[in-house]
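Input: a single structure, listed below in structure tokens.
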Amino acid sequence: MSSPPHMQSFRDLSPAGAPGMKRSRFTYRHIQQLAASSTSCPLRVIAHLDLDCFYAQVEMVRLGIPDDKPVAVQQWQGLIAVNYPARSFGIGRHCNVSEAKKLCPDLIHQHVATWREGDAKWDYHPDAAANMATHKVSLDPYRLESRKILAIIKEELPPHLQKVEKASIDEVFMDLSAQVHTILLERFPELANPPPYDDPTEMLPMPSITALDWQADALVDLPDENAELEDPDWDDVAILIGSEIVRKVRIAIKDKLGYTCSAGVACNKLLSKLGSAYRKPNQQTVLRNRSIQHFLSDFKFTKMRNLGGKLGEQISQMFHTDTVKDLLSASVEQLKSKLGDDTGVWVYNTVRGIDTSEVNPRVQIKSMLSAKSFRPSITSFEQAVRWLRIFAADIFSRLVEEGVLENKRRPKTINLHHRHGTQTRSRQGPIPQGRKLDEESLLELARNLLSQIVSEGQVWPCSNLSLSVGGFEDGVTGNMGIGAFLLKGEEAQASKTGSGTATVDSETEIRPAEKRRRLDNGGIERFFAKRELSHGANPGLGSDDTAISGQSGQRLGTLKEEVMSGEPAGSEGVGKGDEVYNGKSESEPGPIITLTCSRCNASLDSPEELQSHQDWHFAKELQEQERVSQTFVNQPSASSSRAGNQKSTSTMPKRQGRPKKVERGQSKLKFG
Ligand code: DCP
Ligand code: MG
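Letter 447 of the sequence shown, counting from 1, is numbered 447 in UniProt numbering, and no numbers are missing.
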């Protein structure tokens, strides 16, 4: 690609530049870092893309509803997505259907698809809203569209240079640095020259352009008009190129699927996300480095990522302010002493717009969960099995998308949670590996787990059932590493007992350090995860179904009997994060529960977190075993050798404060 006419190159400049000539703030090394998508590169270009009123758009496209009609997506009596024409009537997620109809009698309100009790497939049922007791929400239509959007984004970006992270069902981060680098070098071949004196710390010459064409982008203002007159530097040029790429991606999504989205382009994830929300719908906002401070100073920090919940509240109380401007005067030492070292430094950086977190393209799902809270409670085994059939079908349809039919990936464990009054019981078991996995076999496994729970005695009425599969493993390929020939822990035991089926998730065993690194982030995530619940205004979300696909390392199949205790888990809801990527979905309302690990008395906030925490113990034990005997097939330890299904019973008394703090690395990123 040649330089556009308005961007003349500086080919004729001497490498070191004429004496007194203005130099760029950036160096040759920064250009190299850009190529490597280095998180510390000041020229970095990160984009965040968020679909506008996502579920509403999916329904509008599906039903052929014109763009200007007011539309909302209904879940029972509540609204979970509202399009922009409807928002102009004052309708929002806080409204229920009748309030919304009062504000706009012409509102089209479409109920989400549901599984009807006993059915083998979800559908759009006209009577769903009135039948909450016998229907379960299906978010499959949105999940499917979400996948198509992701596929288009990936098609639009050069395969070898793309770094795309799906952040929730309708959000994506893109690290455009490497692609921007390639385009920069095409337009300004001089940038590929070796630095003067071969010194990469030499400053670059300024770009030989005086104005950039931002087209239709919403540009965040600079602090004053004079700043706007300053010549653009390489970070401005880089971000402009990023913005061109994003515009093309957005057009492709609109052309191919009919959806509009908004985007933010900036130098990191934090700012690009703030940018995409800045002007909606169907716009993209560019946040140049020079405008960051000005942009942030008007912000309430409680609107920033991860500061919307408890942590933000805590800081507001401590510092008697909720504005970024005021918090800028707090020193890093002050923040560290009040919030702890990690969180203090993180907050200090965040209010300055500093964020070096990586765009993480890993999108593989680690576990899938399908659940329902019953109002009224269900009272018989047969009734429960009818729901298990739906859960099995729901999970299986997602497994098919994950490539289970082609043997690309396959879960190894299945887990059933059952709630009766304040008691939660759960059973885990292995999924036999040699056999066909389908809805029927999943149902059979789930039914067995339920039978075991029922055999315990008083288990009816049941107010919640939740089925999950986990321990995903990639299908066996022709190229097996040495690891494939070594049996470990439970596998070894299973092979000895002849079942050959009991397995454990190898990822946690082999890479505990990596897992712990991921989990450490939970420190901050934990503060905000339950934000939506505290709003509590949406009756539609009050008593609901859950369909979660997590990838934050949840592993089932823990080998020990555990006792969980905590307070009753109010209700589950479906949020935008029905799929959880990197544990960072922000808005899924979830129950606030406290569970206690019987091994170390740590308190955890959800069954999934408890499960993951227990897995941490398990991984540690395994690590210990492997340390003792690295060469031989390990005998499972006494604590971890129970073959067959695993049992856990939780009694959930009233909340009793936090008995013991979770050790660093023990908690995982949450599903909420
Ligand atoms: N969602 C939900 N419950 C919530 C929040 C969101 O079910 N409490 C679902 C419906 C949304 C989708 O997730 O359409 C995406 O959530 P967003 O927060 O991105 O909201 P929208 O896409 O609807 O609107 P916006 O245009 O503000 O992004
Ligand atoms: Mg959205």
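Using N, Cα and C, we set each Cβ at its ideal position, and we do this for glycine too.
It should be emphasised that the depicted structure is a prediction, and the values quoted were computed from it without experimental measurement.
Its Cα nearest to that of residue 410, the residue 474 stands out among 474, 442, 379, 438. Shortest Cα-Cα distance from residue 428 to any of 118, 448, 312 involves 448.
Taking non-hydrogen atoms of the ligand MG into account, the C-beta of residue 50 is found less than 7 Å away from one of them. In this structure, DSSP gives residue 358 a state outside helix and strand, which the three-state scheme calls coil. Boundaries of the beta strand (DSSP E) harbouring residue 50: 46-51, taken from the DSSP string. Residue 54 has its Cβ nearer than 7 Å to a heavy atom of the ligand MG. Where residue 115 is concerned, the enclosing beta strand (DSSP E) starts and stops at 114-116. Pairing residue 332 with residue 345 gives a Cβ-Cβ distance under 8 Å.
According to the DSSP assignment, residue 374 belongs to the beta strand (DSSP E) that extends over 367-378. Looking at 274, 141, 109, 119, the one whose alpha-carbon comes closest to that of residue 126 is 109. Residue state for residue 165 is assigned as strand, using DSSP reduced to three classes.
Counted as a single uninterrupted DSSP element, the beta strand (DSSP E) harbouring residue 136 occupies residues 135-137. Annotation for residue 104: 70, 86, 89, 91 place their beta carbon closer than 7 Å to its own, counting only its chain and skipping 5 residues before and after. Secondary structure note for residue 321: it is in no beta strand (DSSP E), with a DSSP letter that is neither H nor E. According to the DSSP assignment, residue 182 belongs to no beta strand (DSSP E) but to the alpha helix (DSSP H) extending over 177-187.
One Cα belongs to residue 213, the other to residue 184, and the distance between them is close to 15 Å.
DSSP places residue 283 outside both helix and strand once states are collapsed to three, so it counts as coil. Excluding its 5 nearest sequence neighbours in each direction, residue 27 has C-beta neighbours in its own chain below 7 Å: 200, 201, 202, 203, 204, listed in chain order.
The region 240-258 makes contact with the region 154-169; the number of CB pairs closer than 8 Å reaches 3 or more. In the DSSP assignment, residue 78 forms a beta bridge with 75, 96.
Residue 395 sits close to residue 469, with the two beta carbons spaced by under 8 Å. The beta carbon of residue 316 sits closer than 6 Å to the beta carbons of 322 from its chain, once the five residues preceding and following it are set aside; these are given in chain order.
Shown here, residue 237 sits in a helix according to DSSP, grouped into three states.
In this model, residue 442 and residue 341 are separated by some 46 Å (Cα to Cα). As the crow flies, the alpha-carbon of residue 262 is around 5 Å from that of residue 283. For residue 191, the CB contacts under 7 Å within the same chain, skipping 5 residues up- and downstream, are 31, 184, 185 in chain order. Residue 26: member of the beta strand (DSSP E) spanning 23-27, first to last residue. Burial is judged here by how many other beta carbons sit within 10 angstroms of a residue's own beta carbon; residue 206 has at least 16 and is buried. Counting along the chain, the unbroken alpha helix (DSSP H) around residue 292 starts and ends at 292-297.
Taking the C-beta atoms as reference points, residue 45 is found no nearer than 8 Å to residue 219. Counted as a single uninterrupted DSSP element, the stretch harbouring residue 343 is not any beta strand (DSSP E) but the alpha helix (DSSP H) occupying residues 341-350. In the assembly as shown, residue 59 is a buried residue. Its beta-carbon has 16 or more other beta-carbons within 10 Å.
Residue 408 sits exposed, since fewer than 16 C-beta atoms from the chains shown fall within 10 Å of its C-beta.
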